[in-house]
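First residue of the sequence shown: 40, per this note's numbering; consecutive thereafter. No residue lacks a Cβ here, since even glycine has one placed at the ideal position from N, Cα and C.
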Amino acid sequence: MPKLKTHRGAAKRLKKTASGKFMFKKTFASHLLTGKQSKRMRKLTKSEVVEGTKEVASLRRLLPYK
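Set out below in structure tokens:
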């Protein structure tokens with residue numbers, strides 16, 4: 040059986056924690072920031088955890104060796 044390939048797009052965007060959860064960086068926080076409120080920017084700097092068992096199962100298939 041051949042080796043499974045890692046989905047490179049998912050590998051660049053997601054990080055697996057020690058407990059097995061996947062974390063990702065929130066969007067809309069890289070450029071065109073002058074019109075956005077400080078409170079919104081503070082919330083966008085934090086990482087988010089992927090919720091839902093179906094999403095996590097599909098991510099495990101995309102990232103078999105992470």
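Euclidean distance between Cα positions of residue i and residue j
i	j	result
alanine 49	arginine 81	25 Å
lysine 78	alanine 96	33 Å
proline 41	leucine 98	19 Å
tyrosine 104	histidine 70	32 Å
Which residues DSSP lists as bridging residue i, in chain order
i	result
lysine 44	According to DSSP, lysine 44 bridges with nothing at all.
Contact belief for residue i with residue j at Cβ below 8 Å, rounded distance in angstroms
i	j	result
lysine 60	valine 88	5 Å
methionine 62	lysine 51	Methionine 62 to lysine 51, Cβ: 13 Å. No contact.
Beta carbon of residue i nearer than 9 Å to that of residue j
i	j	result
histidine 46	leucine 83	no
- For the segment 46–102, which segments carrying the beta strand (DSSP E) assignment without a break, of at least 3 residues, lie completely within its bounds, in sequence order? 53–55, 61–64 and 86–88
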